[in-house]
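Reading the sequence shown from the start, the letters are residues -41 to -1, 1 to 451 in mature numbering (1 follows the signal peptide of the UniProt record, and there is no 0).
Built from N, CA and C at the ideal position, the CB exists for glycine as well.
Since the model is a prediction, treat every value here as computed from it, not as a measurement.
These notes concern the structure reproduced below.
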Amino acid sequence: MPTRIRPVRPAAAGHAGRAAGGAATALLAAAALLAPAAAPAAADTRAAARGHGPGFTPGAPGGGDPYFPEEGNGGYDVRHYDLALDYDPASNALAATARITARATQNLSRFDLDLKQLTVKSVQVDGRSAAFTRKGQELVVTPRKGLRKGAGFTVTVAYAGTPKPVERPDIGTFGWIRTPDGAYVVCEPDGASTWFPSNDHPQDKATYTYRVTVPEGTQVLSNGEPGGQTTRGGKSTFVWNERSPMASYLAMLAIGKYTVQKGRTQGGVPVITAVAPNRASELKTIHEKTIQAVDWEEKVFGRYPFASTGGIRVGVDVAFSLETQSRPIYGYEPDTPTIVHELSHQWFGDSVSVRRWKDIWLNEGFATYAEWLWDEQHGGPTAQATFDDLYKQPESWTYYKELWLNRKTGDPGANELFTLTPYWRGGMTLQALRGRIGDKAFFALLKTWTRLHRNGNATTEQFIALAEKISHKQLDGLFHAWLYTKTKPKSW
Ligand SMILES: [Zn+2]
């Protein structure tokens, strides 16, 4: 998500299809009550007779991230999501089948998927019906036979309902958001599980196929590349493939009557840009600036990590944009810094993803720094000047406390992921590092970081270790002062 040197996230403008926060909660509670009555104990007993016995244990209900203990799950690794979605914009009704290909990482007697709302109709594992229960946001699946460690398996979930957006005081509205002619989906940090069953944590990246059926005349855009379109009986099905591993929060759909422009960057990356009809005047600028930004970023950060790029300007104005993989979603008319920011996330966040949410500065500090570097190399202030401006602000400055005293850049807190600290102080951390190790080592570090962890996950500790290795300097003090104190660093 973007921000600049101005207040983050003004209150979201009202827009169509917004649900009261309480509605989603109520639905969730109702879903839990209405869950099919397959008693887990009975299912386990039956299953034990078929080889679930000793040595086969349930996968953990959470992925182990202290910020979001229930997000993600243990015991398996998803390889691919194949999501067949039938969506009616007029009623907001969704009927879907998710086919998830995974590999067991332990001898599994049962496992969880994350699914926050919607009604599950059936679950199959390797083509055979499986017992399931709903427990809060967990969809608990008990296959007929235990799954051996290392074995591949496929879980198919048929589900339906009317997806609701998520409301959080620190972020606003995200998840499945209706528009006058359709809907779009932006899920950071934990909204993916409101529209498909998933291992909803960036640690478990996977590839995606979307097959989205909508009324004829409506279009569907998504991550990755188009895989064809068919129309029959008044309905059109659009296929999109994201072939690079992707964190679930970056999964995206834009459904509506879009105007699409295709092209290529100078470096040869295919570009697909789309705007809602009431934003037609923004198409040319977004398309051209996307090309400029990606060409420049390839020079600074290394080869573009995915098979295509672009951007989507939705038809409603909301308070934020999101770096959805290969093709950001813009919730307001994006200026150049916003486009540079969201596209820099393709390297920092999308290709190199956090392993734990506390490391969010690896996304937002770097994307903020990308804005400063763009300015520096395009006739604006240097990154050092931007750093100096922020550093010299007096205690009376509006953001003084928020930036310097409230939280740690490297561990801001689950409800403070998108506050100024990971963004600005994160960017300042990189400038402080650049000042210490020099331009040559610093820019080599950026390119090495994106190359080493391409399509993977990484941690702050790994970044510090790499910075020390490339610079031949001991940097503990610098990173401690900038990332792990709640005071304004005085020396580093
Ligand atoms: Zn961002």
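Closer than 7 Å: residue i CB and nearest ligand 1 heavy atom
i	result
E282	yes
N322	yes
A400	no
A326	yes
H304	yes
H300	yes
C-beta atoms of residue i and residue j nearer than 8 Å
i	j	result
A326	R272	no
residue 452	R223	In the structure as shown, the chain starts at -41 and stops at 451, and residue 452 therefore has no counterpart that could be examined.
P174	D73	no
P148	L321	no
K164	S312	yes
D309	E282	yes
L242	T218	yes
A151	S207	yes
Y35	F91	no
R384	L362	yes
E330	H300	yes
T115	T56	yes
N51	R137	yes
D318	T418	yes
Q76	G141	no
N365	T380	yes
W316	D24	yes
I298	G324	no
G386	Y328	yes
T168	V198	yes
P204	N414	yes
Beta bridge counterpart(s) of residue i as assigned by DSSP
i	result
M205	A165
N200	T168, E184
residue 452	This structure gives no information on residue 452, because the portion of the chain shown stretches from -41 to 451.
K367	D370
A426	Answer is none; A426 lacks a bridge partner.
T78	A119
A278	Bridge partners of A278: none, in fact.
S68	None, per the DSSP bridge assignment.
L44	A55, V171
H39	T60, T166
R103	Bridge partners of R103: none, in fact.
G150	Paired residues: none, contrary to the question.
Exposure of residue i, with buried meaning 16 or more beta-carbon neighbours within 10 Å
i	result
Y443	exposed
H304	buried
Q433	exposed
K399	exposed
W356	exposed
A426	buried
residue 452	Because the chain in this structure spans residues -41 to 451, residue 452 falls outside the shown range and cannot be described.
E126	buried
K449	exposed
N66	buried
W441	buried
A233	buried
T446	exposed
L411	exposed
G22	buried
E420	exposed
G436	exposed
F438	buried
E314	Per the sequence shown, the amino acid found at residue 314 is Arg instead of Glu. Label assigned to R314: buried.
G290	buried
A49	exposed
S88	exposed
R93	buried
T189	exposed
P340	exposed
Does the region 61 to 73 come close enough to the region 343 to 360 that 3 or more CB-CB pairs lie under 8 Å?
Short answer: they don't touch.
I'd like to know if the region 160 to 172 and the region 14 to 34 are in contact, where contact means that at least 3 CB-CB pairs between them fall below 8 Å.
yes
Would you say the region 326 to 339 touches the region 355 to 369, given that touching needs at least three Cβ pairs under 8 Å?
no
Please determine if the region 282 to 301 and the region 175 to 188 are in contact, where contact requires at least 3 C-beta pairs separated by less than 8 Å.
yes
Is the region 245 to 262 in contact with the region 202 to 215, if contact means three or more CB pairs nearer than 8 Å?
No, they do not touch.
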